[in-house]
Amino acid sequence: MQTRFMPETTHLRPASLSDARAIGDLHVAVWRETYAGIAPKALQDVIETRRGPAHWQDTLAKIVAEADPRAGVLVADTDAQGIVGFTQYGPSSDPALGSGGEVKHLFVVRAFRSQGLGARLLHAAFDKLRAAGFAQAHLAVVIQNQRAIDFYLREGARKGARFRDAGPLWRSENIALAWRL
Ligand SMILES: CC(C)(COP(=O)(O)OP(=O)(O)OC[C@H]1O[C@@H](n2cnc3c(N)ncnc32)[C@H](O)[C@@H]1OP(=O)(O)O)[C@@H](O)C(=O)NCCC(=O)NCCS
Numbered sequence: 000m001q002t003r004f005m006p007e008t009t010h011l012r013p014a015s016l017s018d019a020r021a022i023g024d025l026h027v028a029v030w031r032e033t034y035a036g037i038a039p040k041a042l043q044d045v046i047e048t049r050r051g052p053a054h055w056q057d058t059l060a061k062i063v064a065e066a067d068p069r070a071g072v073l074v075a076d077t078d079a080q081g082i083v084g085f086t087q088y089g090p091s092s093d094p095a096l097g098s099g100g101e102v103k104h105l106f107v108v109r110a111f112r113s114q115g116l117g118a119r120l121l122h123a124a125f126d127k128l129r130a131a132g133f134a135q136a137h138l139a140v141v142i143q144n145q146r147a148i149d150f151y152l153r154e155g156a157r158k159g160a161r162f163r164d165a166g167p168l169w170r171s172e173n174i175a176l177a178w179r180l
């Protein structure tokens, strides 16, 4: 019998508490791959603590406890590989971005990129923010992350101001991007 390669179907769903480990592992792995040559070593050394499973356990527990309809995490899930991407959205918490909704994280594992999954997650986050009453969505990208900036511009982003992150571990130079929802 011939075995035919079947591409994996991904479906989007809200994250549950039991996803903390998978999201944290994915976040740290993709963060390292994206920012290894850019971020200061001091931040790379503590990224597991700041973005790993324990951080996501706390973040998801807080989201569940607060039950704020404006905030959440969506994951892209597959049968064989589990979670292959995620996004976190909520009210903007960065003064540099102004008021409105914010896409706080968007990460897709390399093997699942360039298939429209990043766009699906981004627009699903926009749908949630729009349904929560936000008229605008924002995010900030480190200026060296040109591939992500190009991706967001293709997805209709307007360029805003450049600003420096408050730090202390990485006073990165960022660009604000915005969408009307
Ligand atoms: C930025 C990121 C989320 C984009 O995810 P993605 O799944 O690759 O995004 P998409 O597939 O929707 O779109 C990107 C590419 O696929 C193409 N594309 C879009 N829809 C497509 C489809 N249905 N079929 C094939 N290609 C498609 C786009 O033209 C684009 O082309 P490129 O690969 O030449 O750049 C991903 O690259 C990533 O996780 N990067 C590392 C982390 C990061 O930088 N996150 C952002 C921090 S702010």
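In terms of numbering that gives the first Met the number 0, the sequence shown has 47 at position 48, counting the first letter as 1, and numbering is strictly consecutive.
Note that CB positions come from ideal geometry on N, CA and C, so glycine has one too.
Given the structure is predicted, the values throughout are model-derived calculations rather than measurements.
Taking the C-alpha atoms as reference points, what is the distance between Gly166 and His54? Residue mapping note: residue 166 aligns to position 167 of the sequence shown, counting from 1. Residue mapping note: residue 54 aligns to position 55 of the sequence shown, counting from 1. If you take the alpha carbons of Gly166 and His54, they lie about 18 Å apart.
Nearest-angstrom Cα distance between Ile142 and Thr77? What you label residue 142 is simply residue 143 of the sequence shown in a count that begins at 1. What you label residue 77 is simply residue 78 of the sequence shown in a count that begins at 1. Going from the Cα of Ile142 to the Cα of Thr77 covers about 31 Å.
Inter-stretch contact at 8 Å, needing at least 3 Cβ pairs: the region 31 to 44 / the region 55 to 66: no
Could you round the C-beta distance between Leu138 and Leu176 to whole angstroms and report it? I think they count as a contact, below 8 Å. Counting from 1 along the sequence shown, the entry for residue 138 is found at position 139. Counting from 1 along the sequence shown, the entry for residue 176 is found at position 177. At roughly 6 Å, the Cβ-Cβ gap stays under 8 Å, so Leu138 and Leu176 are in contact.
Length of the line joining the Cα atoms of Arg20 and Ser98: Working through the sequence shown from its first residue, we reach residue 20 at position 21. Working through the sequence shown from its first residue, we reach residue 98 at position 99. Going from the Cα of Arg20 to the Cα of Ser98 covers about 31 Å.
Residues bridged to Lys103 by DSSP? Looking up residue 103 in the sequence shown gives position 104. Answer is none; Lys103 lacks a bridge partner.
Looking only at DSSP bridge pairs, what is Ile82 linked to? Numbered from its first residue, the sequence shown carries residue 82 at position 83. Paired residues: Asp76.
Out of Ala64, Glu7, Thr9, Val83, which has the shortest C-alpha to C-alpha gap to Asp24? Here residue 24 refers to the residue found at position 25 of the sequence shown. Of the candidates Ala64, Glu7, Thr9, Val83, the one whose C-alpha sits nearest the C-alpha of Asp24 is Val83.
Tell me the rounded alpha-carbon separation between Glu154 and Val102. By 1-based counting over the sequence shown, the position of residue 154 is 155. By 1-based counting over the sequence shown, the position of residue 102 is 103. Cα to Cα, the separation comes out at about 13 Å.
Same chain only: Cβ atoms within 7 Å of Leu105, ignoring 5 sequence neighbours per side: Taking the sequence shown and counting its residues from 1, the one referred to as residue 105 is at position 106. Cβ neighbours of Leu105 beyond the five flanking positions: Thr86, Gly117, Leu120, Leu121.
Start-to-end residues for the beta strand (DSSP E) that takes in Ala177: Position 178 of the sequence shown holds residue 177. Ala177 -> beta strand (DSSP E) spans 172 to 179.
Please check the pair Ile62 and Ala75, which I expect to be a contact at CB under 8 Å, by giving their CB distance rounded to whole angstroms. Counted from its first residue, the sequence shown places residue 62 at position 63. Counted from its first residue, the sequence shown places residue 75 at position 76. Contact doesn't hold; Cβ gap of about 18 Å is too wide.
Which value, in whole angstroms, describes the spacing of the CA atoms of Pro94 and Arg179? As a working mapping, residue 94 is identified with position 95 in the sequence shown. As a working mapping, residue 179 is identified with position 180 in the sequence shown. Going by the C-alpha atoms only, they are around 18 Å apart.
Check each candidate in Ala147, Thr33, Val27, Gly81 and name the one with the smallest Cα separation from Ser17. For this step, residue 17 is matched to residue 18 along the sequence shown. Considering only alpha carbons, the answer is Gly81.
Specify, as a first and last residue, the run of the alpha helix (DSSP H) that Gln56 falls within. To locate residue 56, count along the sequence shown from 1; it is residue 57. Taken as a continuous stretch (DSSP letters only), the alpha helix (DSSP H) holding Gln56 covers 52 to 65.
To the nearest angstrom, how far is the alpha carbon of Phe125 from that of Gly36? As a position in the sequence shown, residue 125 is number 126, starting the count at 1. As a position in the sequence shown, residue 36 is number 37, starting the count at 1. Straight-line Cα distance between these residues: approximately 30 Å.
Unbroken beta strand (DSSP E) run spanning Phe162, endpoints: Start at 1 with the first residue of the sequence shown, and residue 162 comes out as number 163. Segment 157 to 163, the beta strand (DSSP E) holding Phe162.
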